[in-house]
Amino acid sequence: MKDRLLGIAGGLLAFALVVILLVPVPRDDAGQLSRPLSTDRGRAGLQGLQRWLEQGGAQTHVLGRRYSALAASFDLSPVGNLLIVSLPQHTPSRSDEREALHTWLSQGNSALVLTAAGDAPRWVTASRGASTHDFLESFGFEFDMQQQAVAGRADTEENGKQEDAGIWPPRTDLEAWLAGEPVELLPRFHHPLTREVEAVSARSMGPLDRGWDLSSVDGGRVLLPLLGEAENGAAFWEARVGRGRMWVSRYSDLFANVGLGEADNARFMANLVGVALGANGRVIFDDMHQGATDLYDAKAFFSDPRFVNTMIFMVGFWLLYLIGRSRRLAPAREAASRYYAADLARAMAGFFVRRLSAVTVQRHLFIFFFNDIRSRYGLPANGQPVWSMLSGMSRVSAVDINGLRMHYDSAAAARKPDLVALARLMQRTRESLL
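Have a look at this one:
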């Protein structure tokens, strides 16, 4: 009974350990880091943009898989779609899917790439910084420093700590400094995207946001700057990708929940959607590469009734197994024993060993041996010695006869015999008489 109780306790402990390790712990969504997701209601989320677009009549779609799924999706039109990508990515894109995205754009689709090059939102700390360079390089672009900014930073290095003190804020003001300072991006010239747009609001990292410019890797791609600051160069570019287009922003919060209602950001987004979308096109939110993937959803998996029912059945069967009468839920049946001639011989030998002395066994061996020879030649079986008969037989070795005589004399003297040697000697003599 004690063993069964210990087994039940061990089983419950193991089950509790599995639940603790596998079942995700519910977390407060309010305390999570706000990310550029279509379901995020925080500062950096894009839920406000999605709802605003849907209220305006635009169709939206959430991408929960890799870029290769864009061309294979039956819910999307082959052309006339707009994909919104935020960089850096939490789940970096692979080279093969970036090639698939390049092909998809070249067929007549568009992409809006919101990079965190000029601002520093909190979600950047949980993303892969190299994903920005890899993504832009796949399309032939890169962020680099303008010559004026390079010279300015060289002067900053010469000034050393004195200049650094002017860039980096005191620790008490670090929170406000990381939030950035508001800047206005002004249209560079008349363009369908800048129609009725006077200024677009963003938040800049101040001195660390000086001099960044988007350029072509090989110098063969044409970039059209649409928005920029008066003193800090361009901040929003347009480029052709085959029959499609790509727009790249230096700031990631232009259309986030915190920035969509600022200045003319919403008007600028409306113009962009009007230019990019085709007849059946959709605005696609890239949630996959910001951590919200359809490939595996832990919450959906553990809330599935089939998983719960399976676990209940397994635990119930396990407990039934533990409290059973034995290890196999039923008494073990011993296999029926089968006896052979050797088993009978061992049993009889054991009986004789326990009941008879070695000398008595030796004497009876000689009686059986002599009677065996007597019966061969028609003599009465009285157990009397037949030494004269054995001596006259040429087939029997004289050495064996002398050995038999020595054993016979030891039996008469009641000395401890060697029964094994005697049995072998008698057997050899019988074989000689055949």
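Just so we're aligned: 823 in my numbering is position 114 of the sequence shown, and the numbers increase by one with no gaps anywhere.
Where a beta carbon is used, it is the ideal one built from N, C-alpha and C, also for glycine.
These numbers come from a predicted model, not from an experiment.
Check, Outcome
"Residues bridged to Ser946 (per DSSP)", "The question names Ser, but residue 946 in the sequence shown is Trp. Trp946 is bridged to Pro934, Val957."
"8 Å contact criterion, which Trp921 and Leu821 should meet: CB distance rounded", "Trp921 to Leu821, Cβ: 18 Å. No contact."
"At least 3 beta-carbon pairs within less than 8 Å: the segment 1011 to 1019 vs the segment 801 to 816", "no"
"Cα-Cα separation, Arg1083 to Ala1054", "26 Å"
"Segment contact flag, the segment 902 to 917 with the segment 823 to 843, C-beta cutoff 8 Å, min 3 pairs", "yes"
"Coil, strand or helix - Ala985 by DSSP", "helix"
"Rounded C-alpha distance that separates Leu823 from Arg831", "15 Å"
"Exposure label - Asp995; buried when at least 16 CB within 10 Å", "buried"
"Val906 burial status per 10 Å Cβ neighbour count (16 or more: buried)", "buried"
"For Pro787, the residue or residues it bridges with in DSSP", "None, per the DSSP bridge assignment."
"His842 Cβ short of 6 Å to the ligand GTP heavy atom set", "In the structure on display, the ligand GTP does not appear, and there are no ligands present to speak of."
"CB of Ser747 within 7 Å of CB of Gln759, strictly", "yes"
"Residues near Val794 in its chain [Cβ-Cβ closer than 8 Å; skip 5 each side]", "Ala820, Leu821, Val822, Leu823, Phe844, Asp995, His998"
"Element boundaries [alpha helix (DSSP H), containing Trp921]", "Counting along the chain, Trp921 falls outside any alpha helix (DSSP H), though it belongs to the beta strand (DSSP E) covering 921 to 925."
"Same chain, Cβ closer than 7 Å to Leu714, neighbours up to 5 away in sequence not counted", "none"
"6 Å Cβ shell around Met978 - same chain, five flanking residues per side excluded", "Phe964"
"Segment limits, beta strand (DSSP E) that includes Leu821", "819 to 824"
"Which of helix, strand or coil DSSP assigns to Ala911", "strand"
"Expected contact under 8 Å - CB spacing of Thr1002 and Thr800 to nearest Å", "7 Å"
"Whole-number beta carbon distance between Ala988 and Gly789, since they are thought to touch under 8 Å", "6 Å"
"Candidates Phe1078, Pro1126, Pro1089, of which the one nearest Arg1137 by Cα", "Phe1078"
"Beta-bridge partners of His770, as assigned by DSSP", "Ile993"
"Same chain, Cβ closer than 7 Å to Val1095, neighbours up to 5 away in sequence not counted", "Phe1079, Ile1082, Arg1083"
"According to DSSP, residues forming a beta bridge with Pro896", "Leu936"
"Delimiting residues of the alpha helix (DSSP H) encompassing Val1024", "1014 to 1031"
"Best match in Ser1106, Pro1089, Pro745, Tyr776 for proximity to Val967 [C-alpha to C-alpha]", "Pro745"
"N- and C-terminal bounds of the alpha helix (DSSP H) containing Ser1106", "Ser1106 -> no alpha helix (DSSP H), and no H or E assigned at all."
"Whether Ala778 touches Val992 by CB criterion (7 Å)", "no"
"Beta-carbon proximity check, Glu806 vs Arg775, cutoff 7 Å", "yes"
"Pro1089 versus Gly1059 - alpha carbon distance", "31 Å"
"For Glu890, the three-state DSSP class (helix, strand or coil)", "strand"
"Sub-7 Å separation of Ser1066 and Val1105 beta-carbons", "no"
"Gln1071, DSSP secondary structure in three states", "helix"
"Limits of the alpha helix (DSSP H) - the one that Gln1136 falls within", "1128 to 1142"
"Straight-line Cα distance separating Phe850 from Val950", "11 Å"
"Inter-residue spacing [alpha-carbon to alpha-carbon] between Arg1085 and Glu1043", "49 Å"
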